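Trainee: One structure coming up, written as structure tokens, with questions to follow.
Number of protein chains: 2
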Amino acid sequence: MYFDDKIPIYYQIKNHIYHEIITGALQPGEKLPSVRQLAVDVTANVNTVQRALSEMIAAGIIESKRGRGNFVTMETTKITDLKTQLVTTQLAHVYQQLHALNLSDEEILASVQHYIERKGQAK
Amino acid sequence: MYFDDKIPIYYQIKNHIYHEIITGALQPGEKLPSVRQLAVDVTANVNTVQRALSEMIAAGIIESKRGRGNFVTMETTKITDLKTQLVTTQLAHVYQQLHALNLSDEEILASVQHYIERKGQAK
DNA sequence: CCTAGTGTTATATTTTACTATTACACTATA
DNA sequence: TATAGTGTAATAGTAAAATATAACACTAGG
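Chains as they are written, first to last, in the numbering used here: chain A, 1302 to 1424; chain B, 1302 to 1424.
See the structure below:
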């Protein structure tokens, strides 16, 4: 797994798993790979994976059953809430950043539209 | 200055100064505060500030004159290029993140529009 | 020429994330 | 009941960022 060296690995693992849950790659109630397997999958240490999982458990998205495994919550409202929260966080961040670069609301919207239209193309 | 503990301080300082240059708070050719003063301003160490400055110098945005100070480049094209680059980086990041949450191009655009319309308001 | 202010660099120390390794607690099942 | 697989936690070590502090190199101005 690719890691951005500017951001803690445990944080990136957490985000990665959240994405899998939100996109349905991991279904509600589904068992996650074991912590040891996850560590191999993402090429990180068990403790680092555990740290990521601990935060997701504290957030109620993952349920931990000792001796059995970790499971995605069955409460789908928690998952939809998580998605809303992640999307909003991303929007707030990019808005704040672009606004700090003196782009007006209109320019921000236009720049996003422009980016989507031109993405993947040579300039 | 507020620091996000998930991102290296030197990196945040660099970004902060870039924003000041792009918004014109620091004009082309203008002298920056001394590294020692900057360290006080942003509540960080001189070496940390210097690391941020070194990268900006390497990028050609800041010119260093030993014994005199650090100065914003007079080449305004470098500044506009920097702005373009920062904006594009932000757009690419948020697009990738939202796309990874299974939002379509249309949904991404709509969510940005929606965010701008509703920002600062209760839900 | 001297001094104050500037950028630059170096050393030692602290802090934190991460790793490697081991051990412990629990569950299911053969 | 023994064993393999699971989560959990502790210990010790490594690496990188950040700090405190000091020194060095240069410039401008008195």
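Every residue gets a Cβ at the ideal spot worked out from N, C-alpha and C, and that includes glycine.
All of these numbers come straight from a predicted model, not from anything done at the bench.
To the nearest angstrom, how far is the alpha carbon of I1409 (chain A) from that of H1400 (chain A)?
Mentor: Going from the Cα of I1409 (chain A) to the Cα of H1400 (chain A) covers about 8 Å.
Trainee: For F1304 (chain B), which residues in the same chain have their Cβ closer than 6 Å to its Cβ, ignoring the five residues on either side in sequence?
Mentor: I1310, Q1313.
Trainee: Does the contact criterion of 3 or more C-beta pairs under 8 Å hold for the segment 1386 to 1393 of chain A versus the segment 1340 to 1355 of chain A?
Mentor: Flag = no, the segment 1386 to 1393 of chain A and the segment 1340 to 1355 of chain A do not touch.
Trainee: Output yes or no for whether 8 Å exceeds the beta carbon distance between K1420 (chain B) and F1372 (chain B).
Mentor: Going by C-beta atoms, K1420 (chain B) is not nearer than 8 Å to F1372 (chain B).
Trainee: Starting from the beta carbon of I1417 (chain B), find every residue of chain A whose beta carbon is closer than 8 Å, and list them in chain order.
Mentor: Chain A residues near I1417 (chain B): Y1396, D1406, I1409, L1410.
Trainee: Just checking: is the beta-carbon of I1318 (chain A) within a distance shorter than 8 Å of some beta-carbon in chain B?
Mentor: No, its Cβ sits nowhere closer than 8 Å to a Cβ of chain B.
Trainee: By the criterion of Cβ-Cβ separation under 7 Å, what are the contact partners of A1401 (chain A) in chain B?
Mentor: Those within 7 Å of A1401 (chain A) in chain B are H1320.
Trainee: For my contact list, I1322 (chain B) and I1358 (chain B) are in at a C-beta cut-off of 8 Å; report their separation, rounded to the angstrom.
Mentor: That belief does not hold up - the Cβ atoms of I1322 (chain B) and I1358 (chain B) are roughly 13 Å apart, past 8 Å.
Trainee: Taking Cβ-Cβ distances shorter than 7 Å, what residues in chain A pair up with P1309 (chain B)?
Mentor: Going along chain A in sequence order, the residues near P1309 (chain B) (Cβ under 7 Å) are K1307.
Trainee: For S1405 (chain A) versus G1370 (chain A), is the C-beta spacing smaller than 8 Å?
Mentor: No. Outside cutoff.
Trainee: With which residues is G1370 (chain A) paired in a DSSP beta bridge?
Mentor: Answer is A:K1366, bridged to G1370 (chain A).
Trainee: Taking C-beta pairs closer than 8 Å, name the residues in chain A that T1324 (chain B) reaches, listed in chain order.
Mentor: In chain order: A1401, L1402, N1403.
Trainee: Quick check: what's the CA-CA separation for Q1397 (chain B) versus R1337 (chain B)?
Mentor: Near 39 Å, if we compare the C-alpha coordinates of R1337 (chain B) and Q1397 (chain B).
Trainee: Answer with yes or no whether the minimum CB distance from F1304 (chain A) to chain B is below 8 Å.
Mentor: By this cut-off, F1304 (chain A) is not an interface position.
Trainee: For M1302 (chain A) versus T1344 (chain A), is the C-beta spacing smaller than 8 Å?
Mentor: Yes; because the gap between Cβ atoms is below 8 Å, this pair is in contact.
Trainee: Considering M1357 (chain B), what are the terminal residues of the alpha helix (DSSP H) in which it resides?
Mentor: Residues 1347 to 1359.
Trainee: Taking just the CA atoms, how far does Q1386 (chain A) sit from Y1319 (chain B)?
Mentor: Spanning the two alpha carbons is a distance of roughly 29 Å.
Trainee: Would you kindly check if the distance between the Cβ of L1402 (chain A) and the Cβ of T1378 (chain B) is under 8 Å?
Mentor: No; because the gap between Cβ atoms is not below 8 Å, this pair is not in contact.
Trainee: In three-state terms, what does DSSP make of K1307 (chain B)?
Mentor: It is coil, neither helix nor strand.
Trainee: Which residue's Cα is closest to the Cα of N1316 (chain A): A:E1418, A:K1384, A:I1417, A:V1395?
Mentor: For the residues A:E1418, A:K1384, A:I1417, A:V1395, the minimum Cα distance to N1316 (chain A) belongs to A:K1384.
Trainee: Can a CB atom of chain B be found closer than 8 Å to the CB of L1392 (chain A)?
Mentor: So yes, L1392 (chain A) belongs to the interface.
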